[in-house]
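The structure appears below as C-alpha cells.
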Amino acid sequence: MSWTDERVELLKKMWQEGQSASQIAKELGGVTRNAVIGKVHRLGLSNRVEGAPVTAAEPAPKPEPVAEAPRAPEPAPAPRPEPVAAARPAPQPAPAPEPRVEPAPAVVPSMRKQIVPAGQPLPPQPSLNEISPETLASVREVEKRSRKISLMELTERTCKWPIGDPATENFYFCGLPSQPGKPYCEAHVSVAFQPMSARRDRRR
DNA sequence: CCCTGATTCGC
DNA sequence: GCGAATCAGG
1 MSWTDERVEL
11 LKKMWQEGQS
21 ASQIAKELGG
31 VTRNAVIGKV
41 HRLGLSNRVE
51 GAPVTAAEPA
61 PKPEPVAEAP
71 RAPEPAPAPR
81 PEPVAAARPA
91 PQPAPAPEPR
101 VEPAPAVVPS
111 MRKQIVPAGQ
121 PLPPQPSLNE
131 ISPETLASVR
141 EVEKRSRKIS
151 LMELTERTCK
161 WPIGDPATEN
171 FYFCGLPSQP
181 GKPYCEAHVS
191 VAFQPMSARR
201 DRRR
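All the letters of the first sequence, read from the start, carry residue numbers 1 to 204 under UniProt numbering.
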C-alpha cells in the first residue's frame, strides 16, 4: 500500500480526532502502526490538536529536549469539523449486558419516582437506578470518543458497551480499552457495576 | 502483558 | 519517503 492522497487525508483526519496510530493503521489497512507514526512525523503533524486523547491513551507531555530544527511557531492545522455524531435519533433500547455486583440488586420498591433517566442513549442498566451526574457526564464524554466498533471487532480487551439501537445502522460498541478483567471501559464499568452502597435509594 | 507515541536507520 | 525495529513509558 502507498500513501495516496485519500489515505493521507484519512490519516490526518483520524490523527486529529485523537485516534491512536494502531487504530488508524487498522482502519487504513495494509500498514502497521509504525508506518502510521512514521508518516505522521514526516507530515509534521506530530503534536495533535489540543486535548483529544482517547481515554487511556495519554497525551504524553513532550517537553521536547530541543532537537535541532528551528521549529518555528508551527500553527496548528485547522481542525476539521467531524461529521461524526450529529444529532442522534437517540434510541435507548439495547441488549442489556449482565452487570450486577454480588450483593442482591434489591428491587427498588418505589416505582413512583421518575429517576433521572440518565440521558438518552443510555442502554443497559440493571434496573432503574440513579447515576451520579459526574458519572453520567463521564459516560457521555466517553461515548463521543468511543471507537464505534462493530461486533466483529470486539476483543478480549475492548469495551463491549453497546451504543445506539441495534435495529438501526446507528449501532456500535464503545470499543475503548476495557478494564483488565472487565468487559467495559472505565466509564462504562462505573455505570454497569454499581456497588449496593452507591445505589441507596433516596426515596423522593 | 497490552497499548502509546518517538526515533533510528537501512532500504 | 518508507517503515521495522527499537526505545521509553502508562
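Just so you know, even glycine gets a beta-carbon here, dropped at the ideal spot from N, CA and C.
Beta-carbon spacing of residue i, residue j below 9 angstroms
i, j, result
"Arg-157", "Gly-18", "no"
"Pro-162", "Cys-174", "yes"
"Leu-45", "Leu-28", "no"
"Ala-192", "Pro-183", "yes"
"Cys-159", "Leu-136", "no"
Cα-Cα separation, residue i to residue j
i, j, result
"Thr-32", "Ala-187", "29 angstroms"
"Met-14", "Val-36", "11 angstroms"
"Gly-38", "Pro-133", "41 angstroms"
"Val-84", "Lys-148", "Confidence is the limiting factor: at Val-84 the pLDDT is only 37, short of 50, which leaves the residue's position unreliable and the question unanswerable from this model."
"Met-196", "Ile-131", "12 angstroms"
"Leu-43", "Trp-3", "11 angstroms"
"Cys-185", "Val-142", "9 angstroms"
"Ser-178", "Ser-150", "15 angstroms"
"Arg-140", "Tyr-172", "15 angstroms"
"Arg-7", "Ser-138", "32 angstroms"
"Gln-194", "Glu-9", "42 angstroms"
"Asn-34", "Thr-168", "35 angstroms"
Assigned secondary structure, residue i (DSSP; H/G/I helix, E/B strand, else coil)
i, result
"Ser-22", "helix"
"Pro-133", "helix"
"Ser-138", "helix"
"Ser-178", "strand"
"Gly-30", "coil"
"His-41", "helix"
Cβ neighbours of residue i in the same chain (closer than 8 angstroms, five flanking residues each side left out)
i, result
"Lys-26", "none"
"Val-40", "Leu-11, Trp-15, Ala-21, Ser-46"
"Leu-154", "Lys-160, Phe-173, Gly-175"
Contacts around residue i, its chain only, beta-carbon distance under 6 angstroms, and the 5 residues preceding and following it disregarded
i, result
"Ser-190", "Thr-135"
"Asp-5", "none"
7 angstroms CB neighbourhood of residue i in its chain, flanking five on each side removed
i, result
"Gly-30", "Met-1"
"Ile-24", "Leu-11, Met-14, Trp-15, Val-36"
"Met-152", "none"
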